[in-house]
Amino acid sequence: MDFAFIITIFLIGFIGSYISGMLGIGGSIIKYPMLLYIPPLFGLAAFTAHEVSGISAIQVFFATIGGVWAYRKGGYLNKTLIIYMGSAILIGSFIGGFGSKMMSESGINVIYGILALIAAVMMFVPKNNVDDIPFDQVKFNKLLAAALALIVGLGAGIVGAAGAFLLVPIMLVVLKIPTRMTIASSLAITFISSIGATVGKITTGQIDYAPAFIMIVASLIASPLGAMAGKKINTKVLQVILAVLIGGTAIKIWMDIL
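My numbering numbers the first residue of the sequence shown as -8 and each following residue consecutively.
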């Protein structure tokens, strides 16, 4: 690896992890296309979809640790939500991560495109004042939450994401969880999900460890900084930023697929 390659990978990891900490996502929705498209633009070695999904999986594991740590105080973490959705998504992500070895490069990109498109549509669905609900009065359908998390885990495990870019709109639109609680809890659920995806990728030899290490270092620095910034930004602004990021990524992925 030359110096330019190291700096490029570090910046991709830093920017993606800062945004992930701020918005409560693992960051793969951002870092997957960045890893796929940016290195070749600078004449650097291109990653395959399998390599990108492997690097993303292990990097998300560390990025979410930093984010959860920053949100550990203040009542942001809904433990019941984390237990139900976390256990279901762990099973799904392991199955998806292990089974992705048998998929083609284009197949992985199509799955990623479908997930991003669904998430983009959901982020633009009107949300009925979910932020008016006090944290101690939040209620949700536990069975529905677990079922949706299992489905998200299957798809997210395939692309090496932890699924938070889809979990966040599900929690906001379907389960009616307040924005800041959604951001904090989704980071914790994403951390659990990334365990299954990471184990699946490692056991099938899909991880390029050198760039993954660079991404991990960037994640541990940037994710807590993003989480601290997210606490200070208006919740409507956070929702708009996330919607634009997910929508833009979905368009780019489908333009390349088609």
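Glycine residues also receive a C-beta, built at the ideal position from the N, C-alpha and C atoms. Computed from a prediction, not measured in an experiment: that's the story for all the values here.
query: Whether residue 15 touches residue 175 by CB criterion (8 Å); result: yes
query: Sequence-distant residues of the same chain with beta carbon closer than 7 Å to residue 101, five excluded per side; result: 248
query: Selection from 171, 241 and 55 that minimises the alpha carbon distance to residue 252; result: Because the chain in this structure spans residues -8 to 249, residue 252 falls outside the shown range and cannot be described.
query: Coil, strand or helix - residue 116 by DSSP; result: coil
query: contact_flag[the stretch 204 to 224, the stretch 87 to 100] where n(CB pairs < 8 Å) is 3 or more; result: no
query: Three-way DSSP call (helix, strand, coil) for residue 171 in this model; result: helix
query: Residue 55: first and last residue of the uninterrupted alpha helix (DSSP H) it sits in; result: 40 to 61
query: Residue 159, DSSP secondary structure in three states; result: helix
query: Given 8 Å, three or more beta-carbon pairs between the stretch 129 to 137 and the stretch 105 to 112; result: no
query: Residue range of the alpha helix (DSSP H) that includes residue 9; result: -6 to 14
query: Within 8 Å, strictly: CB atoms of residue 216 and residue 12; result: yes
query: Short Cβ contact (8 Å threshold) for residue 110 with residue 157; result: yes
query: Same chain, Cβ closer than 8 Å to residue 75, five either side skipped, listed in chain order; result: 133, 136, 137 and 140
query: Ranges of the alpha helix (DSSP H) found wholly within the stretch 59 to 91, counting only runs of at least 4; result: 70 to 90
query: Validate contact between the stretch 223 to 241 and the stretch -6 to 4 using beta carbons, cut 8 Å, 3 pairs; result: no
query: Assigned secondary structure, residue 121 (DSSP; H/G/I helix, E/B strand, else coil); result: helix
query: Alpha carbon of residue 30 to alpha carbon of residue 63, nearest angstrom; result: 35 Å
query: For residue 100, the three-state DSSP class (helix, strand or coil); result: helix
query: Cutoff 6 Å; reference residue 84; Cβ partners in own chain excluding five residues on either side; result: 144, 147, 148, 184, 187 and 188
query: Distance CB(residue 90)-CB(residue 190) smaller than 8 Å; result: no
query: From 115, 246, 26 and 23, residue whose alpha carbon lies closest to that of residue 161; result: 115
query: Per-residue DSSP class, three states only, for residue 35; result: coil
query: First through last residue of the alpha helix (DSSP H) which encompasses residue 233; result: 226 to 248
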